[in-house]
Amino acid sequence: MASSNDNKSTEGGFQDGNSDPNDEETNELCPGFKDVDAFVKYGLGAVLSATKASAGLPQAGDDYDFYRSFPGFQEFCESQGDKLLHLMSQIMQHHGCRSHMRDRNKLTGLEERFDLVVDSNDTILERAGILLDEADGVNRSQQPVMPAGFQPPKIVVSSWNRKGSGSGSRPETFRLLHAKNVARPQLKFKEKVDNSNTPFIPKIFIKPNATKPLPSYFTNKQIRKERPEDLDVPAALADFIHQQRTQEHVEDMFAHPYQYELDHFTTPENLLSKPEVQMYKPMAETKCSFIDTLEDLVALNEKLCKLSEFAVDLEHHSYRSFLGLTCLMQISTREEDFIIDTLELRSEMYILNEAFTDPATVKVFHGADSDIEWLQKDFGLYVVNLFDTHQASRALNLARHSLDHLLKHFCNVDSDKRYQLADWRIRPLPDEMVQYARTDTHYLLYIYDSMRAQLLEFHHGQPGLLQSVWNKSKDISLKKYLKPIFTEESYLELQRKQKKSFNTQQLTAFRLLFAWRDKLARQEDESTGYVLPTHMMSKISEELPKEPQGIIACCNPVPPLVRQQVNELHLLVQQAREMPLLKAEIAAQKNKGLTPIKKSDVKLFGPHDTSRVHESDLPHFSSDDLPVKQGILFSEDDHKMDVDIQKIKVLTAPAKITLFEELETKSDQTSLSVAHMKASRIIESFENPFRMYLPPSDVHINKNAKFDPSSKIFEISKRWKLQSIEQQHKELEAKRKAKEEAKEQAKKVSEERNKAKQSYQESLQNVATVRQQAADSLKGGGKKRERVASEVGESTPKPSKKLMKSADKPQKTEPPSQESFTPFDYSQSDLSVFAGTKSKSNTQFDPNRQAPDFKKKKGSKGQKSNFGAGNRSMSYMAGKSERGFRHNWPKR
Ligand code: AMP
Ligand code: MN
Ligand code: ZN
């Protein structure tokens, strides 16, 4: 829309030099400036001295009035002021902004002029943003950069992205390949991506080169797949039953599948002695194969198994996917290069485990930390016998440890990492990108030889230093991929990084937006940065716009999902505005006091950060750390809370879900009906399933979270109780009253409590008897069936698929006799093993908010309604996994 304008508007500027052949020759950016660096240096210098000078002027109310009494000073100020205003006007006019800066009409007061400047700044910044986008390949004029068929990617030529002075014969321009219209590779994946907020479970199901066999959890599809879905119990209950069944496997589920082999791996003697340094073949004379069929992959694997070493690298994309996608694998042998299309062969890549875990074959990587995790995350691949040239570079104490530097140092090859951040999803891969990718592994075996030789030389033939590199490399191969887990405290760390002190309203907005962004990113399989970049999130929180338009104004460019859901976002901001306003210091104090920060938590967020987390940075988790608190969902240590929050009581309240809150009345059980007893037994047998995902108990949970439709507590409580928000409010209100009365009238306490309890247990009964409902409906009672149907958001009562299914299997849906009903004793379950992080106790958790089906999503606009309604049919996550790679958390 604005792009043609923008081009024009920059025409007079320094970028004009690009189109001028003379300038190209003299290589001048604009008269007097060799390149952008020179220009920027000069510009910054000028700005700096101007700022200094203006800061040096006498201050208003200070010496200023005195100085002003001298006509000379007055005159000088006026003329300089005019000059400045003129300059500003010019700049603003140049950008087509209103610019009445100089008309000194008293009516257009200072304030209005200040607004003018602010507006213009916004406009100019937007321009800059658009131009940067354009340079980045985001074509705003709707022209597809990469349409479905092949079309050469747009070449962006401009002086600022030209590589420094004389870099030899390399082409002087390069393409920034960020293609906007790349088809989403995820759509073709046989196994859908699992973005659920649950710990990562290895994908491996066959274990070549094993000395310790793969645990049955991974080899036996049944265990993983089998879910008591057909029981037609509430989804959450089904999940717990499933969890119970997988209980014995949990230790295996989170272990490194090759831990044993790696622990028992010792570097062979010959790899610790002086190597024969073997020169690389020139790239031009080396065969390069593009592997995108299973057949070729199998052949490659066979080839690799026969070798004593090969080099590996990966290219990864993280912007348009929540967990990131490994797009390419490069492998170089002494003779050949291979480029594997890992998007195409994603589900088949596991066969390479045969070569990758063969202890007799060295796998050479450069900086394998991320690669090791990506291999696990996307393919279930592991590496036994790794040599990491990055570690070798450190041991050798080289000047720099980048691959660029090693290539220059050992091979005298000039390379640059210009394509490192290209969009590696692009297919077919442009030639330059293939060449770039090859370079990453082609020379690596030679470097490996040379480095080993040097490491030995360094230590006069003693293998100590070399051995330390092998050891460090082994440590890297022992790394486990950890999925980013959302906790209620994750936002705080990120907020702190913004270096802005927020008041309670702003902080609430930040928290709500953070949760919204995480949820949507998981659902849509986008990075959080794509959904809503942090700086925009921070700006919205800071400004708390009153209108949806104000939210849009905080974002430039406006992320598509923000535009689409601006009304939801607006509701969140409104909700934040309703918070009692406390000053930033208090808010900060509160944060300090109540939420100890864990470095590693935040590192888990952001696809790249994940990979940089070192195992040693992560908390050591042991199930002993998790004291089990029975019977209270989201139990908080009340007393502790009370002490902690004394100072700021207005703001905080121990978060509890009323459903599980009333254990203390257990002694009254004798007077309960069978249904009540059944309900209480279920309650008793439950422990909070989400405990391990929750922040430590010293984190406060805002009371509002319970009423906050975007909060986890709300969702969970809503699903369990099958109650509307209003009902929930009412119930809480009733309970609050009951408690007040209890204080006044001690005698009535138990009576009142029983009442409250009864009401919640009645609601609980509705949950527990879905099974019964189905049975009732079989007997011809259509009423309950309607209820279930309406739960899925349908207005007309139709038997849902699920109910039809259960009708086909009457034996499974039979209501258990009231007397014989014994719920699973979940309190016996060690749920702690599901914890991927060190959360010690509970607060809130988002149980698997499933994303819309891709097919459904195509229409896209309608999806909005999916979010609020708790649509059951959302399932592109683990649910459809072929290998039963599925999780145990409530499906909605
Ligand atoms: P490399 O090992 O240098 O080939 O990089 C592998 C992948 O890591 C690239 O495809 C990028 O996805 C990612 N990557 C490398 N360097 C960076 C960086 N500086 N920032 C973000 N991502 C990076
Ligand atoms: Mn790499
Ligand atoms: Zn690479």
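Residue 1038 in the working numbering sits at position 559 of the sequence shown; the count goes up by one each step and never skips. In this text, a Cβ means the ideal position worked out from N, Cα and C, and glycines have one as well. Values in this document were obtained by computation on a predicted structure and should not be read as measured data.
Where the alpha helix (DSSP H) through residue i begins and ends
i: Gln-572; result: 550 to 573
i: Leu-1050; result: 1045 to 1056
i: Ala-529; result: 515 to 535
i: Ile-680; result: Counting along the chain, Ile-680 falls outside any alpha helix (DSSP H), and DSSP gives it neither H nor E.
i: Val-913; result: 910 to 921
i: Met-1016; result: 1013 to 1022
i: Asp-820; result: Taken as a continuous stretch (DSSP letters only), Asp-820 belongs to no alpha helix (DSSP H), being part of the beta strand (DSSP E) at 815 to 820.
i: Ile-1030; result: 1027 to 1033
i: Phe-545; result: 543 to 547
i: Met-758; result: Run containing Met-758: none; DSSP gives neither H nor E here.
i: Asn-660; result: Run containing Asn-660: none; DSSP gives neither H nor E here.
i: Asn-832; result: 832 to 835
i: Arg-695; result: According to the sequence provided, residue 695 is Ser. The question's Arg does not apply to it. Looking at the DSSP string, the run of the alpha helix (DSSP H) that includes Ser-695 is 695 to 698.
i: Glu-730; result: 729 to 732
Buried or exposed (CB count within 10 angstroms, at least 16 for buried), residue i
i: Tyr-970; result: buried
i: Leu-595; result: buried
i: Leu-604; result: exposed
i: Lys-686; result: buried
i: Pro-907; result: exposed
i: His-1014; result: exposed
i: Lys-671; result: buried
i: Pro-736; result: buried
i: Asn-533; result: For clarity, residue 533 is Ser in the given sequence; the question names Asn instead. Counting Cβ neighbours within 10 Å, Ser-533 comes out exposed, since fewer than 16 surround it.
Which of helix, strand or coil DSSP assigns to residue i
i: Thr-1089; result: Caution applies to Thr-1089, whose pLDDT of 34 falls short of 50 and renders its modelled position unreliable; the model cannot decide the point.
i: Ser-768; result: strand
i: Asp-718; result: helix
i: Met-1171; result: In this prediction, Met-1171 scores a pLDDT of 43, lower than 50, which makes its location untrustworthy; the coordinate-derived value is nonetheless stated afterwards. It is helical.
i: Asp-850; result: helix
i: Phe-989; result: helix
i: Glu-788; result: strand
i: Gln-870; result: helix
i: Leu-945; result: helix
i: Lys-979; result: coil
i: Ser-811; result: strand
i: Phe-889; result: helix
i: Lys-842; result: strand
i: His-938; result: coil
i: His-880; result: coil
i: Leu-793; result: strand
i: Leu-1061; result: coil
i: Leu-589; result: helix
i: Leu-776; result: helix
i: Leu-804; result: strand
Cβ-heavy atom distance, residue i to the ligand ATP, below 8 angstroms
i: Gly-522; result: Judged by which ligands are present, the ligand ATP is missing from the structure shown, whose ligands are the ligand AMP, the ligand MN and the ligand ZN.
Top-ranked residue by Cα proximity to residue i, from the options
i: Leu-1406; options: Pro-747, Leu-992 and Lys-782; result: Given a span of 480 to 1371 for the chain in the structure shown, any question on residue 1406 remains unanswerable.
i: Glu-740; options: Phe-697, Thr-698 and Pro-692; result: Pro-692
i: Met-912; options: Met-808, Asp-718, Ser-528 and Met-930; result: Met-808
i: Gly-1029; options: Glu-554, Val-1052 and Gln-726; result: Val-1052
i: Gln-569; options: Ser-929, Ser-599 and Phe-965; result: Ser-599
i: Ser-894; options: His-921, Ser-872, Ala-878 and Thr-868; result: His-921
i: Pro-963; options: Pro-1059, Asp-541, Gly-803 and Val-1037; result: Gly-803
i: Cys-556; options: Ala-539, Ser-980 and Met-571; result: Ala-539
i: Trp-853; options: Glu-591, Lys-682 and Pro-550; result: Lys-682
i: Thr-966; options: Asp-857, Pro-1039, Lys-979 and Arg-990; result: Arg-990
i: Cys-1034; options: Ala-717, Val-1010 and Glu-755; result: Val-1010
i: Phe-593; options: Phe-858, Arg-606 and Met-567; result: Met-567
Would you be able to state if there are at least three C-beta pairs under 8 angstroms between the stretch 881 to 894 and the stretch 739 to 758?
-> The stretch 739 to 758 is not in contact with the stretch 881 to 894.
How do the stretch 775 to 792 and the stretch 832 to 845 stand: do at least 3 beta-carbon pairs fall below 8 angstroms, yes or no?
-> As far as the Cβ criterion goes, the stretch 775 to 792 touches the stretch 832 to 845, which means the pair count is three or higher.
Examine the Cβ distances between the stretch 947 to 954 and the stretch 993 to 1011 and report whether three or more of them are shorter than 8 angstroms.
-> Too few Cβ pairs lie closer than 8 angstroms, so no.
Check whether the stretch 767 to 780 touches the stretch 939 to 949, taking contact to mean three or more Cβ pairs, one atom from each stretch, closer than 8 angstroms.
-> The stretch 767 to 780, when compared against the stretch 939 to 949, does not touch it at the 8 angstroms Cβ threshold.
So does the stretch 913 to 928 actually touch the stretch 761 to 769, counting three or more Cβ pairs closer than 8 angstroms?
-> Verdict: yes, contact present.
Segment contact, 8 angstroms Cβ cut-off, at least three pairs: the stretch 895 to 908 with the stretch 859 to 868 | Fewer than three Cβ pairs drawn from the stretch 895 to 908 and the stretch 859 to 868 lie within less than 8 angstroms of each other, which leaves the two stretches out of contact.
Stretch pair the stretch 999 to 1008 + the stretch 667 to 684: three plus CB contacts closer than 8 angstroms = Because the criterion of three Cβ pairs below 8 angstroms is met, the stretch 999 to 1008 and the stretch 667 to 684 touch.
Taking one C-beta from the stretch 982 to 992 and one from the stretch 1011 to 1028 each time, how about it: are there three or more such pairs within less than 8 angstroms?
-> Touching, yes.
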